[in-house]
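So for the sequence shown, the working numbering puts the first residue at 1; every next one is plus one. Just so you know, even glycine gets a beta-carbon here, dropped at the ideal spot from N, CA and C.
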Amino acid sequence: MNYDAVNNELLQFIDRSPVDFYAVANMKEMLLEAGYTQLFEGNAWTLEEKGRYFVTRNDSAIIAFQIPKKDFTGFQMMASHSDSPLFKIKTNAEITIDKQYVKLNVEKYGGMLCAPWLDRPLSVAGRVLVETENGVATKLINIDRDLLIIPNLAIHMNREVNDGYKFNAQVDMLPLFCEAGEEKNQFLKLIAQEAGCKESEILDTDLFLYNRMKGTTLGLNKEFIACGRLDDLQCAFASLKGFLAAEPKNSVAVHIVYDNEEVGSGTKQGAASTFLKDVLHRINSAMGRSEEDYLRALASSFLVSADNAHAVHPNHPEKADPTNRPYMNKGIVIKYSANQKYTTDAVSGAIFRQICKKAEAPYQTFTNRSDMLGGSTLGNISQAQVALNTVDIGLPQLAMHSPYETAGAKDTAALIEAARVLFSSSVEGVGDGNYTLKF
């Protein structure tokens with residue numbers, strides 16, 4: 001596979017996706033260009049064999065699916081997420097300091113590394129809800145220019161900063177917007193201009209800061225990529241590319257991108273919601289199948305929960321497990337956790353290893369050190385709604401939850417190929433713990 005072409009497309013996709021709403025909008029565009037039909041949850045669904053469809057929820061989560069035939073055996077699925085840690089702009093955002101500066105009031109979204117946000121150009125993207133004659137409408141905005149900065153305090157005023165510093169989100173992390181003038185509500189005026197409406201027509205907003213630094217390749221032999229939001233748009237992109245290249249035969253292929261993973265997934269568009277369950281039930285019903293057929297299909301279904309993984313850090317190799325040590329450019333990472341923060345068990349791990357073998361995609365394994373707690377992800381949360389065999393995987397990266405992260409230049413291509421094989425295959429249950437894999 002042409003790694004340069006894959007990485008160029010990935011970095012362009014991420015650069016055009018400053019926040020979750022734009023990530024989903026860009027995936028919608030790719031699906032429409034490929035001939036997929038958009039469905040809406042509030043409308044009746046008429047589905048056909050060989051049909052290709054997608055549906056969104058909250059403009060920030062998306063599920064796309066291909067139906068090869070009415071009597072499909074199961075669902076082959078990959079789930080990722082559209083959100084990343086960043087700063088949300090609060091209502092009544094402007095704060096004036098000494099009648100000289102205007103800064104914006106923001107709060108943290110997700111568990112982020114604060115320091116890398118300082119002293120770099122930032123801007124604003126998100127959605128604006130505006131008043132219409134008949135109700136409300138959503139407008140996406142991206143102020144595509146360097147607009148804000150969060151300035152560091154000079155070392156002369158904080159001599160101990162390099163000895164360790166605890167950032168206060170309400171004090172240290174507020175971005176400088178403009179000089180103070182006679183006119184008030186300059187930020188709201190700017191947002192109205194970007195949305196193409198009057199200030200008085202704005203009813204509410206979901207707006208966020210984002211890092212303006214473009215993605216790039218680096219390293220002596222261009223063996224690394226660096227970009228914001230690799231966690232988890234790298235997996236979302238790879239899943240969609242594999243999905244679009246797949247040729248399902250006996251199972252429904254399902255590409256899933258949830259929102260709000262970084263804050264626990266407990267929203268209507270998160271992994272804990274009914275979004276996936278609702279879509280799978282509607283597919284089953286629209287094809288004239290019974291509830292019994294649906295439950296039997298789940299027994300022959302497989303979910304890959306794809307959320308990036310920690311690579312061994314070159315400056316802190318001791319932070320990795322002694323024997324499970326993933327590295328960038330060494331392939332997909334299969335993640336294990338005894339406390340089931342990751343859902344991989346021997347069954348799902350074995351099935352995914354067979355998928356990687358068929359795809360000729362390299363893979364490696366990750367566990368946390370036994371004295372170190374890890375985070376959770378999509379797989380174990382979604383099980384409460386749709387219980388089936390699930391494996392947790394990711395692509396290895398450094399600086400997770402920084403506004404600028406690093407990953408391997410070869411690994412996206414490996415996941416694209418594994419996703420293509422997954423979406424083209426069937427995992428058919430023939431008794432608990434025994435499965436027939438059809439590629």
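Which same chain residues end up closer than 8 Å to residue i when comparing Cβ atoms and leaving out the 5 residues on each side of it in sequence?
i: Asn-368; result: Asp-321, Ser-337, Gly-374
i: Leu-32; result: Gln-38
i: Ala-399; result: Leu-113, Pro-116, Glu-405, Thr-406
i: Val-279; result: Val-55, Ile-63, Phe-65, Val-254
i: Thr-267; result: Asn-58, Asp-259, Asn-260, Ser-273
So residue i is in the alpha helix (DSSP H); what residue range does that whole segment cover?
i: Thr-412; result: 411-424
i: Gly-408; result: No alpha helix (DSSP H) holds Gly-408; the beta strand (DSSP E) holding it covers 405-408.
i: Asp-15; result: 3-15
i: Phe-431; result: As written in the sequence, residue 431 is Gly, which differs from the Phe given in the question. Counting along the chain, Gly-431 falls outside any alpha helix (DSSP H), and DSSP gives it neither H nor E.
i: Gly-379; result: 378-382
Just the C-alpha distance for residue i and residue j, rounded to the nearest angstrom, thanks.
i: Gln-234; j: Phe-65; result: 20 Å
i: Val-124; j: Phe-208; result: 6 Å
i: Gln-385; j: Asn-162; result: 46 Å
i: Leu-388; j: Leu-298; result: 6 Å
i: Asn-260; j: Asp-83; result: 6 Å
i: Gly-429; j: Ser-265; result: 29 Å
i: Thr-436; j: Phe-72; result: 15 Å
i: Gln-170; j: Glu-107; result: 7 Å
i: Arg-296; j: Gly-394; result: 28 Å
i: Lys-241; j: Thr-390; result: 21 Å
i: Asn-152; j: Pro-121; result: 13 Å
i: Asp-4; j: Lys-198; result: 44 Å
i: Thr-96; j: Lys-88; result: 19 Å
i: Glu-179; j: Phe-54; result: 45 Å
i: Ile-351; j: Ala-418; result: 12 Å
i: Asp-345; j: Ala-413; result: 25 Å
i: Asn-8; j: Lys-410; result: 12 Å
i: Thr-415; j: Ile-334; result: Note on residue identity: the sequence assigns Leu, not Thr, to residue 415. Cα-Cα distance, rounded: 12 Å.
i: Ile-381; j: Lys-277; result: 13 Å
i: Leu-461; j: Ser-370; result: Any question about residue 461 goes unanswered here, given that the chain covers just 1 to 439.
i: Gln-100; j: Asp-119; result: 20 Å
i: Tyr-36; j: Phe-302; result: 23 Å
i: Tyr-165; j: Ile-150; result: 16 Å
i: Gly-86; j: Asp-206; result: In the sequence as displayed, the identity of residue 86 is Leu instead of Gly. Taking the straight line joining both Cα atoms gives about 12 Å.
i: Ala-192; j: Asn-185; result: 11 Å
i: Lys-28; j: Asp-98; result: 46 Å
i: Gly-181; j: Gln-269; result: 41 Å
i: Asn-26; j: Leu-244; result: 14 Å
Provide the residue span of the beta strand (DSSP E) that contains residue i, from first to last.
i: Lys-438; result: 435-438
i: Tyr-53; result: 52-57
i: Gly-394; result: 389-394
i: Leu-140; result: 136-142
i: Gly-126; result: 122-131
i: Ile-62; result: 61-66
Once the 5 residues before and after residue i are set aside, which same chain residues still bring their CB inside 6 Å of it?
i: Glu-94; result: Val-102, Phe-187
i: Leu-11; result: Gly-215, Cys-227
i: Val-324; result: Per the sequence shown, the amino acid found at residue 324 is Asn instead of Val. If we look at Asn-324 and ignore the five residues flanking it on each side, its Cβ neighbours are Thr-365, Phe-366, Thr-367.
Identify, in the order they occur along the chain, each residue of the same chain with its Cβ nearer than 7 Å to the Cβ of residue i, setting aside the five sequence neighbours on each side.
i: Ser-376; result: Lys-341
i: Cys-114; result: Phe-167, Met-173
i: Ala-23; result: Ser-17, Ser-82, Leu-233, Ala-236
i: Lys-214; result: Asp-15
i: Tyr-327; result: Ala-311, Val-312, Pro-396
i: Cys-356; result: Ile-332, Tyr-363, Ala-418
What I want to know is whether the C-beta of residue i ends up closer than 8 Å to one or more non-hydrogen atoms of the ligand GDP.
i: Val-391; result: As presented, the structure is devoid of all ligands, the ligand GDP included, so that no description of it is given.
Practice task
Would you be able to state if there are at least three C-beta pairs under 8 Å between the stretch 395-414 and the stretch 223-231?
Solution key: Contact between the stretch 223-231 and the stretch 395-414 is present, because at least three Cβ pairs lie under 8 Å.
Practice task
Tell me the start and end of each unbroken beta strand (DSSP E) in the stretch 233-310 that is at least 3 residues and wholly inside, in chain order.
Solution key: Counting whole runs of 3 or more residues, the stretch 233-310 contains the beta strand (DSSP E) stretches 252-258, 302-306.
Handout entry: At least 3 beta-carbon pairs within less than 8 Å: the stretch 423-434 vs the stretch 68-78
Key = Taking 8 Å as the limit for Cβ pairs, the verdict is that the stretch 68-78 does touch the stretch 423-434.
Practice task
Run through the stretch 297-374 for me and flag every whole beta strand (DSSP E) of 3 or more residues, listed as ranges in chain order.
Solution key: As far as the stretch 297-374 is concerned, its whole beta strand (DSSP E) runs of at least 3 residues are 302-306, 332-335, 363-366.
Handout entry: Contained alpha helix (DSSP H) runs [length at least 4] in the stretch 17-50, N- to C-terminal order
Key = Correct list: 20-33.
Problem - Sufficient close CB pairs (3 or more, under 8 Å) joining the stretch 17-31 to the stretch 137-153 - result: They touch, by the three-pair rule.
Problem - Three or more C-beta pairs below 8 Å linking the stretch 359-368 and the stretch 270-282 - result: Below 8 Å, too few C-beta pairs join the stretch 359-368 and the stretch 270-282 to call them touching: fewer than three.
Practice task
Assess, as a yes-or-no matter, whether the stretch 44-51 is touched by the stretch 243-260 under the definition of 3 or more beta carbon pairs within less than 8 Å.
Solution key: With a cut-off of 8 Å, the stretch 44-51 and the stretch 243-260 do not count as touching, because too few Cβ pairs lie within range.
Practice task
State whether the stretch 233-247 contacts the stretch 304-315, with contact taken as three or more CB pairs (one from each stretch) at a distance under 8 Å.
Solution key: Short answer: they touch.
Problem - At least three beta-carbon pairs within less than 8 Å, the stretch 197-211 to the stretch 128-140 - result: Taking one beta carbon from each stretch, the stretch 197-211 and the stretch 128-140 have 3 or more pairs nearer than 8 Å; the two touch.
Handout entry: Any beta strand (DSSP E) of 3 or more consecutive residues that is wholly inside the stretch 151-232
Key = The qualifying runs are 176-179, 202-211, 216-218, 224-227.
Exercise for the section: Report yes or no: do three or more beta-carbon pairs, one from the stretch 216-227 and one from the stretch 148-164, lie closer than 8 Å? Expected result: Between the stretch 216-227 and the stretch 148-164 there are fewer than three C-beta pairs closer than 8 Å, too few to call the two in contact.
Handout entry: Secondary structure, beta strand (DSSP E): runs of 3+ residues fully inside the stretch 73-108
Key = The qualifying runs are 75-81, 86-97.
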